[in-house]
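Have a look at the structure below, then the notes.
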Amino acid sequence: MQWFIILLTVASVVAANVYIEPQIRVEIITKLKKILNNHKSHLHGPELKDDDLYCKCNDAHCDHDIIEIAGNDFRGICRVPRGGQCHTVKSLNNIGDLAEVHLQCLNPDILVPPKRPFQCHNNEYDDSEVEMSCCDYASLCNDVDASFYEDMLELKKITIPKLHPKFVGGQLSLQLFVILLIVAAIIFSGLGICIGLFWLSNTRTKIVLRRIFSRIPIISALTRAGPPQRQRAADPQQIESNALIELSNAYRPDEQGETQDSSGFGLASLSRRTIARQIQLRQTLAKGRFGEVWLGDWRGEQVAVKIFNSRDERSWWRETEIYTTNTLRHANILRWIASDNKDAGAFTQLWLVTEYIPHGSLYDYLETNTITKNVGLQMMRSMLHGLSYLHAEVPGIKNQCYKPPIAHRDLKSKNILVKNDLTCCVADLGLSLRFMHGKMEDVEEKRVGTIRYLAPELFNEILPKKFINFLQADIYAVSLMMWEIARRMNFKGETGSFPYELPYFEHIERDPSLEEMAEIVVEKKLRPTIDSEWYDDTAMSELIRIMEECWSDKAASRLTSLNIRNTLDKLLHTANVLPIN
């Protein structure tokens, strides 16, 4: 790839010698001095004086100080104190023709000796292919060849070409130019084959390429137009389908990074190039192994910004991919707003922007609050509504807005959030696994999640190969969270709750190792303790039955998320409690 860039650069220089619009030299320097005088405090070099010398230069970053203050209109100009020189170095080819011109500023302190510096004179006895010269009689005096210096002093008006290294002589032959084009064509063909192979084999590459192609106006227009028969459809199902598609693409970014309404496939997304610059971070909400969660303001709305560490880039990519390629609009799944990356100097921040949930996680809420039996049942019910939707396959209308079954694989009370109405929603999909059109996705690590919430079968050396096993592992984790909620429920009115504790607190300390947890769950087959008083209450005894079936050793014996959800709906109906959502 590096050789290809070098060849392409040479070919472009040979093919064309482009110059900027002519400008009057005296006016340029006068305008530049005025701008620099107004911003003296921002200069990094020597103190600004009226008799400073300005020279033309074409080294990398030679004009950085001036461009930073005066802008790109003054690209290719450097500044030295009086006593310095404008330096010109001409390189000749093997037949004596001028091949390249190098221009720069020489500070007074590097001119040796001061009266006749060696940098400004050629060795008369050296048959060198380099010619050097200096001048200091006027600003930009090294703009043209020495043969034009006298004319320049008389006219005072010399135009400035584009300030880049230019090849004046030594033009390559037509034969060599054709060879370069053939080499470039071969390299492009190879890149095309590689991209094609990735397109067929890599899901993430498909997504990235689709986003690139969607920004090409012609391809984007054809994609939005679709086949003619879709435009003619007018039956109720098709109208509903189009409505869903338009709803799912609100705020799709246009070519300039602004948002607009459009039609196509996908989720609601904002311009990934601008969202980070529109959010004002206010305070830190949480810190963890992944990074930090901040509270931010965006267009008058409070949002949560999850900033990932660089080592967790895979989780950020995964969660963004899950949200952007699947229909995850549900009241009990955390609402995703956008993903972005932001340059933080030494590293790049990876942002995931979601709705802000003031109560925080279920873990935080239960640790400081007791709840009534009805509120506890509705927390469980709403959590299962979100999980059953995540586990379900939604084919959509005529294969549009398709949602595959998704296993969460990291369910715990810290990844369930408590909304303002005390219902719950599922969050943190960075370790999720999908079952796409009858095939489970390939993942590098199948034993994932928090050790305390791992199902018994995930401790085995031979890990599950069927997708249903990961769904049932989620159910095991749900049973532990139901136990956490049940301990904080005042099922006897004002009394009946227990202090908040994590599952298995009576058997093991915090932060257990994989081996310690396997001994408790697999070898000893221990489970969280059920209080004997719970059996005296009808609702609590039903919850005990659900929990015991869900944390069974055998994954096949566990209930499904839909089954648990329906049971909780009936339990609330029997208790004459109107569901919150």
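Numbering (mature numbering (1 follows the signal peptide of the UniProt record, and there is no 0)), first residue to last: -15 to -1, 1 to 566.
Beta carbons: idealized from backbone N, C-alpha and C, even for Gly.
Nearest residue (CA-CA) to residue i, options the options
i	options	result
residue 464	394, 446 and 536	536
residue 297	413, 473, 34 and 28	413
residue 341	347, 404 and 365	404
residue 262	389, 304, 444 and 336	336
residue 71	117, 19 and 15	117
residue 551	503, 374, 477 and 484	374
residue 547	376, 364, 95 and 286	376
residue 67	58, 40, 166 and 36	36
residue 407	361, 283 and 43	361
residue 300	275, 318 and 310	275
residue 22	11, 34 and 13	34
residue 467	534, 422, 499 and 381	534
residue 39	456, 76 and 125	125
residue 122	69, 339 and 13	69
residue 128	380, 201, 43 and 179	43
residue 558	543, 544, 529 and 524	524
residue 446	398, 499 and 530	499
residue 527	502, 19 and 556	556
residue 486	165, 349, 458 and 103	349
residue 549	513, 517, 540 and 460	460
residue 285	265, 302 and 303	265
residue 529	483, 472, 495 and 477	472
residue 115	20, 76, 503 and 99	76
Cutoff 7 Å; reference residue i; Cβ partners in own chain excluding five residues on either side
i	result
residue 497	436 and 437
residue 505	489, 492, 493 and 511
residue 426	418 and 419
residue 441	506, 507 and 538
residue 433	394, 395 and 416
residue 399	346 and 348
Own chain residues within Cβ distance below 8 Å of residue i, not counting five before or after
i	result
residue 278	269, 270, 271, 272, 289, 290, 291 and 292
residue 357	474 and 475
residue 570	Outside the displayed span of the chain (-15 to 566) sits residue 570, for which this structure offers no information.
residue 160	none
residue 267	279, 280, 281 and 282
Cutoff 9 Å: residue i Cβ touching any chain D Cβ
i	result
residue 338	Included in the structure is just one protein chain, with no chain D present.
Element boundaries [beta strand (DSSP E), containing residue i]
i	result
residue 570	Because residue 570 is not part of the residues shown, which for the chain are -15 to 566, the question remains open.
residue 512	Here residue 512 belongs to no beta strand (DSSP E), and DSSP marks it neither H nor E.
residue 587	Look at the range of the chain in this structure, -15 to 566, and you will see that residue 587 is not part of it.
residue 20	Per DSSP, residue 20 belongs to no beta strand (DSSP E); it is in the alpha helix (DSSP H), 10 to 23.
residue 326	321 to 328
residue 272	265 to 272
residue 335	333 to 340
residue 558	From DSSP, residue 558 is part of no beta strand (DSSP E) but of the alpha helix (DSSP H) over 546 to 559.
residue 84	83 to 91
residue 76	70 to 77
residue 504	Unbroken run through residue 504: none, as it is neither H nor E.
residue 118	115 to 120
residue 39	38 to 41
residue 280	276 to 283
Start and end residues, alpha helix (DSSP H) containing residue i
i	result
residue 363	358 to 376
residue 55	49 to 55
residue 348	347 to 353
residue 318	From DSSP, residue 318 is part of no alpha helix (DSSP H); its letter is neither H nor E.
residue 387	Looking at the DSSP string, residue 387 is not in any alpha helix (DSSP H), and its letter there is neither H nor E.
residue 312	Taken as a continuous stretch (DSSP letters only), residue 312 belongs to no alpha helix (DSSP H), as it is neither H nor E.
residue 542	That residue, residue 542, is in no alpha helix (DSSP H); it is neither H nor E in DSSP.
residue 581	Look at the range of the chain in this structure, -15 to 566, and you will see that residue 581 is not part of it.
Beta-carbon contacts of residue i that lie in its chain and below 6 Å, excluding the five residues immediately before and after
i	result
residue 462	396 and 438
residue 305	324
residue 317	367, 370, 371 and 410
residue 364	409 and 470
residue 381	387
residue 302	none
(message) Within 8 Å, do at least three Cβ pairs link the segment 78 to 91 to the segment 61 to 69?
(response) Verdict: yes, contact present.
(request) Can you check the segment 433 to 502 for any beta strand (DSSP E) of at least 3 residues that lies completely inside it and give the ranges in chain order? (result) Counting only runs of 3 or more residues that sit fully inside the segment 433 to 502, no beta strand (DSSP E) segment turns up.
(message) Quick test of the definition: if touching needs 3 or more C-beta pairs under 8 Å, does the segment 387 to 397 touch the segment 351 to 367?
(response) Segments in contact, no.
(request) Determine, using beta-carbon pairs with one atom in the segment 16 to 32 and one in the segment 45 to 61, whether at least three such pairs fall under 8 Å. (result) Taking 8 Å as the limit for Cβ pairs, the verdict is that the segment 45 to 61 does touch the segment 16 to 32.
(request) Write down every uninterrupted run of the beta strand (DSSP E) in the segment 397 to 426 whose length is 3 residues or greater and which is fully enclosed by it, in chain order. (result) List check, beta strand (DSSP E) in window: 401 to 403, 409 to 411 and 418 to 421.
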